[in-house]
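Q:
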C-alpha cells in the first residue's frame, strides 16, 4: 500500500541510488514501520494489511465524529 502510494514499483525502485550506509535510529524505525505496514492482518488475509485496517478505522472515526475514547475501545 505504501509503495503504491509512492508510485514505487520494481521497475523504478531499482533506479533509486544505493547508499552504502546504515540508516540512523529514526530512519531504521521508519523503515520498520513501512515493512510492518504491508504485513497482512493474519496469515491467509489477502484483502487488508495492518496499514489499510488502521486507515479504515481512522476514516470511520473521522466520518462519524467518533471520540478518542470510542476509537480506543474499538482498537481494544
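Numbering (this note's numbering), first residue to last: 1221 to 1296. Even glycine gets a Cβ: it sits at the ideal position worked out from N, Cα and C.
Can you look up residue 1257 in the DSSP assignment and give me helix, strand or coil?
A: Helix, per DSSP.
Q: How long is the line joining the alpha carbons of residue 1269 and residue 1295, rounded to whole angstroms?
A: Computed Cα separation, rounded: 15 Å.
Q: Would you list the one or two residues that DSSP bridges to residue 1269?
A: Looking at the DSSP assignment, residue 1269 forms a beta bridge with 1260.
Q: Can you round the beta-carbon distance between residue 1273 and residue 1261 to whole angstroms, since I take them to be within the 8 Å contact cut?
A: Indeed, because the Cβ distance is near 6 Å, the residues count as touching under 8 Å.
Q: How many angstroms separate the CA atom of residue 1280 from the CA atom of residue 1287?
A: So the two alpha carbons sit approximately 11 Å from each other.
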